[in-house]
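Single-structure report; data block below.
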Amino acid sequence: MAEVRDFSSYARKKNNDSTPGSSGVDTSYKEKIRSHKLKVFFRTIAIAAIVLLTVIVVYVSWRDREYSEAEISLDATISNSADSKVISLGGNIVQYSKDGVSCYSSTGQPVWNKTYEMQNPIAHTCNSVIAIGDYNGHNIYVSNTNGAMGVVDTNLPIRDFCVSSQGVVAAVLDGTDVTWIYLYDSEGNTLANFKTTMKDSGYPISISLSPNAELLCVSYLYPEEGALKTSVAFFNFGSVGQNSIDNYASGYDYPGVVVPYVQFINGNTAFALSDDRIMFYTGDQKPVSKSESLMGDEQVRAVYYNDSYVGLVFMNGTEDGDYRLQVYNGQGDLVLTTYFDIAYSDIIFNDKQIIIYNEDECVIKDMSGHDKYVGSFDEPVKVMIPTKIRSRFTLVTSKNVATMNLK
Numbered sequence: 009m010a011e012v013r014d015f016s017s018y019a020r021k022k023n024n025d026s027t028p029g030s031s032g033v034d035t036s037y038k039e040k041i042r043s044h045k046l047k048v049f050f051r052t053i054a055i056a057a058i059v060l061l062t063v064i065v066v067y068v069s070w071r072d073r074e075y076s077e078a079e080i081s082l083d084a085t086i087s088n089s090a091d092s093k094v095i096s097l098g099g100n101i102v103q104y105s106k107d108g109v110s111c112y113s114s115t116g117q118p119v120w121n122k123t124y125e126m127q128n129p130i131a132h133t134c135n136s137v138i139a140i141g142d143y144n145g146h147n148i149y150v151s152n153t154n155g156a157m158g159v160v161d162t163n164l165p166i167r168d169f170c171v172s173s174q175g176v177v178a179a180v181l182d183g184t185d186v187t188w189i190y191l192y193d194s195e196g197n198t199l200a201n202f203k204t205t206m207k208d209s210g211y212p213i214s215i216s217l218s219p220n221a222e223l224l225c226v227s228y229l230y231p232e233e234g235a236l237k238t239s240v241a242f243f244n245f246g247s248v249g250q251n252s253i254d255n256y257a258s259g260y261d262y263p264g265v266v267v268p269y270v271q272f273i274n275g276n277t278a279f280a281l282s283d284d285r286i287m288f289y290t291g292d293q294k295p296v297s298k299s300e301s302l303m304g305d306e307q308v309r310a311v312y313y314n315d316s317y318v319g320l321v322f323m324n325g326t327e328d329g330d331y332r333l334q335v336y337n338g339q340g341d342l343v344l345t346t347y348f349d350i351a352y353s354d355i356i357f358n359d360k361q362i363i364i365y366n367e368d369e370c371v372i373k374d375m376s377g378h379d380k381y382v383g384s385f386d387e388p389v390k391v392m393i394p395t396k397i398r399s400r401f402t403l404v405t406s407k408n409v410a411t412m413n414l415k
């Protein structure tokens with residue numbers, strides 16, 4: 009007879025072993041999943057860190073790269089007279105003289121031209137807009153990189169003027185008994201005006217429009233008790249200034265100080281330069297004084313700026329270099345002091361680089377003052393224009409437009 013055995017205890021054990029979450033087998037499986045997820049997480053972090061480090065290394069290498077030679081290729085032939093001036097306008101080339109103005113692309117191709125007659129043409133630019141007028145003349149020609157925008161007829165002799173990025177022109181005009189400040193659109197329509205007298209407000213010796221034309225900065229020279237003082241005033245032509253007398257927004261007085269130069273560098277930052285200090289103002293509605301830096305008895309030889317930096321050039325005459333360049337940021341902080349020897353014709357701040365050049369040679373520095381390139385030109389250069397590529401520049405001579413690639 010067959011033997012009968014009781015398998016109930018064995019069956020219960022098997023059933024318990026197959027119940028989820030109730031056995032060592034299931035616990036081991038969960039641990040494996042958790043371990044796998046941790047490995048994937050840490051592997052992802054490690055890959056991201058390596059990619060970030062690689063990007064940083066590549067960027068620093070690109071930023072701090074030094075160049076030892078320049079390759080120059082001819083783009084086009086261009087002719088300009090000895091008395092013509094050449095400037096950069098939004099990456100294009102503008103050439104102007106007593107007879108007219110012409111615009112060329114960065115490769116030297118003609119874009120547009122305009123004829124006029126002036127005794128001593130003066131050009132002011134803002135981004136891609138240029139205004140050309142004549143001291144003591146009546147007409148200001150406004151254009152951008154696409155062509156002529158219009159002509160402003162002031163009807164009074166021009167003493168000073170400036171332009172915004174929309175083509176709005178502010179002009180100081182000489183009246184019979186008073187001096188007028190007028191604002192015009194690019195087609196010559198009057199937008200606003202107010203008069204100034206030496207007795208009441210002083211004589212306007214420098215003006216500057218913000219790029220959007222909502223703010224106007226004016227430096228007034230005023231005699232006070234046998235001495236001179238300067239008032240730097242801001243006028244708001246937007247909605248905030250509509251309820252103020254003559255659109256006055258804010259202002260600051262400087263007794264015993266002459267401030268011959270004021271300038272907006274962007275929509276909410278302006279600076280003023282006197283014979284002993286540089287002042288910064290911030291605010292897009294009612295600018296306030298941000299900082300002042302005294303310069304002592306040293307004479308500023310030149311001032312250069314872009315929308316982020318202001319550079320002042322001083323004579324140096326030490327073993328460090330013939331010239332000293334002090335660079336300030338928009339907050340008025342001195343961020344760099346660097347030295348150079350070449351007799352500069354222009355200094356450009358562009359893409360964290362400082363380009364110093366004359367017709368024969370150039371020096372390119374980074375914002376730490378380190379020389380990235382030092383070289384000379386084969387032909388006299390009238391203007392050197394940065395491009396969107398940091399190592400590539402457009403060179404304009406009296407005969408040619410060329411591209412310089414640094415290597």
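Okay, so the sequence shown: first residue is 9 according to this note's numbering, each after it adds one. All residues carry an ideal CB built from backbone N, CA and C; glycine is no exception.
Leaving out five residues before and five after residue i in sequence, what residues of the same chain have Cβ atoms less than 6 Å from its Cβ?
i           : result
residue 358 : 394
residue 225 : 216, 242, 270 and 278
residue 335 : 317, 319, 343 and 344
residue 29  : Here residue 29 scores only 48 on pLDDT, less than 50, and its place in the model should not be relied on; the value that follows carries that caveat. Nothing listed; no residue qualifies.
residue 340 : 288, 298 and 299
residue 351 : 366
residue 333 : 319, 321 and 346
Taking the continuous beta strand (DSSP E) assigned at residue i, which residues delimit it?
i           : result
residue 103 : 100–104
residue 222 : Run containing residue 222: none; DSSP gives neither H nor E here.
residue 179 : 177–182
residue 207 : Per DSSP, residue 207 belongs to no beta strand (DSSP E) and is neither H nor E.
residue 361 : 361–365
residue 369 : 369–374
residue 266 : That residue, residue 266, is in no beta strand (DSSP E); it is neither H nor E in DSSP.
Which one or two residues does DSSP pair with residue i in a beta bridge?
i           : result
residue 231 : 236
residue 412 : 80 and 401
residue 249 : Answer is none; residue 249 lacks a bridge partner.
residue 97  : 100
residue 313 : 318
residue 41  : BP columns for residue 41 are empty, so no partner.
residue 49  : None; residue 49 has no bridge partner.
residue 495 : As shown, the chain starts at 9 and ends at 415. That puts residue 495 outside it, with no answer to give.
residue 216 : 225
If we call anything under 7 Å between Cβ atoms a contact, is residue i one with residue j?
i           : j           : result
residue 229 : residue 210 : yes
residue 267 : residue 280 : yes
residue 245 : residue 222 : yes
residue 213 : residue 177 : no
residue 195 : residue 155 : no
residue 146 : residue 161 : yes
residue 173 : residue 134 : yes
residue 356 : residue 373 : no
residue 284 : residue 303 : yes
residue 138 : residue 102 : yes
Going by beta carbon distance, what residues of the same chain come within less than 8 Å of residue i, once the five residues before and after it are set aside?
i           : result
residue 415 : 75, 76, 77, 78, 79 and 399
residue 388 : 367, 368, 405 and 406
residue 120 : 110, 111, 151, 154, 155 and 156
Could you tell me which of the options sits nearest to residue i, measuring between CA atoms?
i           : options               : result
residue 383 : 275, 371 and 316      : 371
residue 190 : 165, 321 and 375      : 165
residue 329 : 237, 401 and 347      : 347
residue 255 : 273, 227 and 294      : 294
residue 126 : 198, 220 and 92       : 92
residue 99  : 136, 338, 312 and 41  : 136
residue 273 : 305, 233, 220 and 40  : 220
residue 218 : 365, 291 and 307      : 291
residue 385 : 403, 312 and 120      : 403
residue 184 : 200, 375 and 205      : 205
residue 282 : 262, 276, 296 and 170 : 262
Enumerate in chain order the residues of its own chain whose CB-to-CB distance from residue i is below 7 Å, with the five nearest sequence positions on each side excluded.
i           : result
residue 83  : 115, 116, 409, 410 and 411
residue 259 : 239, 240, 241 and 242
residue 85  : 407 and 408
residue 401 : 392, 393, 394, 395 and 412
residue 104 : 92, 93, 129, 131 and 140
Please find out if some non-hydrogen atom of the ligand FAD comes closer than 6 Å to the beta-carbon of residue i.
i           : result
residue 373 : The ligand FAD is not among the ligands present in this structure, which contains no ligands whatsoever.
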